[in-house]
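K.L.:
Numbering (this note's numbering), first residue to last: 6 to 548. For glycine and all other residues, C-beta sits at the position ideal for the given N, C-alpha and C.
Set out below in structure tokens:
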């Protein structure tokens, strides 16, 4: 989905580019270098972020089906299991090669310092600079997996022989779809219509056409000539989602409506991905006025085309994770527009608890507590599987675009003198910049905003906030939710907070055997607000 970077965004790569010849001349002899080539048959030059992955051979083969490893990749959920090194490639011509210094930019350590042993390595060229966000995807060039003994001065040559195919939007892997969705997929393709809207305000901000994309899901029986209108749900995704994943959501929603597990509503399934991560529909000095574009441009355009209930009591919001923050933000920033948000596991809404870190504390540091112990970032069933520092350092090696930490800066931070967002924390030390945090606080701390502006927000916001999170949230997001609830309770506000015992970021929606049970429950709650006299009832999902 991401496009090559243009204009001001390209500044991020200035100073990072180096030719293969320069790398050869500047190379310390003790560093491991890998020669990576583009076959002559490639036809045209390429450029991008060159990544080299290495994992311990014996363990990888033991975990692979029939012992055959065809892909070596990193994971934020096991950051130190695979080492990664990187460099920028300005131009690689067919038949040419570059040298990658595996000690220059590397995680978790320089390759020369990895434990001695046999490793499987693979090279990937990411021409769209979106590996942090999407991982390996269409258009990336990859080499075969090769074994090497490290440390070694004699590393194997790697050829970028394969270009990964781009998947069509509706080419959904059926193994990920419910039986209900599979049953109605063909009909969904007719009832789901694409959104491709050029925003005037975003276009003015960037100086080039900026498209807002997504899908409109029309309920079964929708008749454009009828006078009937439908409540409308605006849904968006979490970090890593895009237009393709939202196609799957749209298909699932239509199938559930066809089975009467969801009430008859129009769903607007929005893509909030961008080259910088997720823009989260915030009005940002770095990403542009996405909230304004949605509320003042896209929604009126959609309501002029479809039979939507254009009252605030007929417009609802829902989203998970970064999408949960986006919908919570939109509801509190534009309370007159929407009739309620049902936000699940939202990114931190109170910066006193930013995934466990108090950004307002004196001498705050996101890597380590005052006693020197590391801050955890990812947990599973009570076990810490990644800490803040590992996550941030791996992200930096993979590239300057699209990572979760960088994405927060692009949404929340002021713009620096170099035209880039100012980082909230130092990537080397973890030290928090109080000047940047003060800006974050004044503009995007939802709890602070609600508390300071409650007298003016109350008439349009009271009772509209619904938030659901697991008490074992994978990214510790239940902490900020508790703080937001405390603020609202202190104001005497009406709100709906649900802390689901033992649920994580990944299984929050599961009810019995229905993996989307919570979404369906929330949709019926929305419908009851929009159509309080309705006698429609939810049909249970098939066992």
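Looking at the secondary structure, which residues open and close the beta strand (DSSP E) in which residue 57 lies?
P.N.:
Bounds of the beta strand (DSSP E) holding residue 57 are 51–61.
K.L.:
For the alpha helix (DSSP H) that contains residue 196, what are its first and last residues?
P.N.:
184–196
K.L.:
Between which two residues does the beta strand (DSSP E) containing residue 154 stretch?
P.N.:
151–155
K.L.:
Give the secondary structure of residue 384 by DSSP, where H, G and I count as helix, E and B as strand, and everything else as coil.
P.N.:
DSSP places residue 384 in strand when its eight states are reduced to three.
K.L.:
Count the other CB atoms within 10 Å of the CB of residue 135; is the residue buried (16 or more) or exposed (fewer)?
P.N.:
buried
K.L.:
Any contact between the segment 389–400 and the segment 263–276? By contact I mean 3 or more CB pairs, one from each, below 8 Å.
P.N.:
no
K.L.:
Let me make sure I understand the geometry here. Which of 84, 131, 341 and 150 has the alpha-carbon closest to that of residue 143?
P.N.:
131
K.L.:
Please return the same chain residues whose Cβ sits closer than 6 Å to the Cβ of residue 258, not counting the five positions on each side in sequence.
P.N.:
222 and 272
K.L.:
Is it buried or exposed, residue 281, if we count other Cβ atoms within 10 angstroms and call 16 or more buried?
P.N.:
buried
K.L.:
Check residue 400 in the structure and name its three-state DSSP category.
P.N.:
helix
K.L.:
As an exercise, report each continuous alpha helix (DSSP H) stretch of at least 4 residues that is fully enclosed by the segment 79–148, in chain order.
P.N.:
136–139
K.L.:
Relative to the alpha-carbon of residue 488, which residue among 479, 453 and 463 has its alpha-carbon at the smallest distance?
P.N.:
453
K.L.:
Throw me the rounded Cβ distance for the residue 382 and residue 504 pair, which I believe falls under 8 Å.
P.N.:
In fact, because the Cβ distance is near 20 Å, the residues do not count as touching under 8 Å.
K.L.:
In whole angstroms, give me the CA-to-CA distance for residue 103 and residue 195.
P.N.:
Cα to Cα, the separation comes out at about 48 Å.
K.L.:
Using the Cβ count rule (16 or more neighbours within 10 Å means buried), how would you classify residue 460?
P.N.:
exposed
K.L.:
Check whether the Cβ atoms of residue 449 and residue 287 lie closer than 8 Å to each other.
P.N.:
yes
K.L.:
Out of curiosity, what's the CA-to-CA distance linking residue 415 and residue 236?
P.N.:
Cα-Cα distance, rounded: 33 Å.
K.L.:
Checking 8 Å against the spacing of the C-beta atoms, do residue 88 and residue 120 come in under that value?
P.N.:
No.
K.L.:
Only counting the same chain, and skipping five residues up and downstream in sequence, which positions put a Cβ closer than 6 Å to that of residue 521?
P.N.:
514
K.L.:
Kindly provide the ranges of any beta strand (DSSP E) runs that are 3 or more residues long and lie completely inside the segment 316–390, ordered along the chain.
P.N.:
320–325, 346–349 and 381–385
K.L.:
Excluding the 5 residues preceding and the 5 following residue 468 in the sequence, name in chain order all residues of the same chain whose CB lies nearer than 6 Å to its CB.
P.N.:
499
K.L.:
Output the distance between the C-alpha atoms of residue 159 and residue 153, rounded to the nearest integer angstrom.
P.N.:
In this structure, the straight-line span from the alpha carbon of residue 159 to that of residue 153 is close to 9 Å.
K.L.:
Under the three-state reduction of DSSP, which class applies to residue 304: helix, strand or coil?
P.N.:
Three-state DSSP puts residue 304 in a helix.
K.L.:
If you run the structure through DSSP and keep just helix, strand and coil, what is residue 172?
P.N.:
Reduced to three states, the DSSP call for residue 172 is coil.
K.L.:
Please give me, in chain order, every unbroken run of the beta strand (DSSP E) with length at least 3 that falls completely inside the segment 447–514.
P.N.:
470–475 and 501–505
K.L.:
Just the C-alpha distance for residue 125 and residue 170, rounded to the nearest angstrom, thanks.
P.N.:
23 Å
K.L.:
Quick check: the segment 83–102 against the segment 33–48, are there 3 or more CB pairs under 8 Å?
P.N.:
yes
K.L.:
Rounded to whole angstroms, what's the CA-CA distance from residue 312 to residue 485? Just pull it up for me.
P.N.:
One C-alpha to the other measures close to 38 Å.
K.L.:
Helix, strand or coil for residue 294 per DSSP?
P.N.:
Strand.
K.L.:
Between which residues of its own chain and residue 224 is the CB-CB distance below 7 Å, once the five residues before and five after are set aside?
P.N.:
235, 262, 269, 270 and 271
K.L.:
Under 8 Å between the Cβ atoms of residue 323 and residue 295?
P.N.:
no
K.L.:
Give me the Cβ distance between residue 213 and residue 200, rounded to the nearest whole Å; I'm assuming they're in contact under 8 Å.
P.N.:
Actually they are not in contact, since the Cβ atoms of residue 213 and residue 200 sit about 19 Å apart, beyond 8 Å.
K.L.:
Does DSSP put residue 37 in a helix, in a strand, or in coil?
P.N.:
Residue 37 falls in the coil class under three-state DSSP.
K.L.:
List the residues that DSSP assigns as beta-bridge partners of residue 201.
P.N.:
218
K.L.:
Report the rounded CA-to-CA distance for residue 64 versus residue 76, giving the unit in angstroms.
P.N.:
14 Å
K.L.:
Flag this pair as yes or no: are the beta carbons of residue 244 and residue 409 separated by less than 8 Å?
P.N.:
yes
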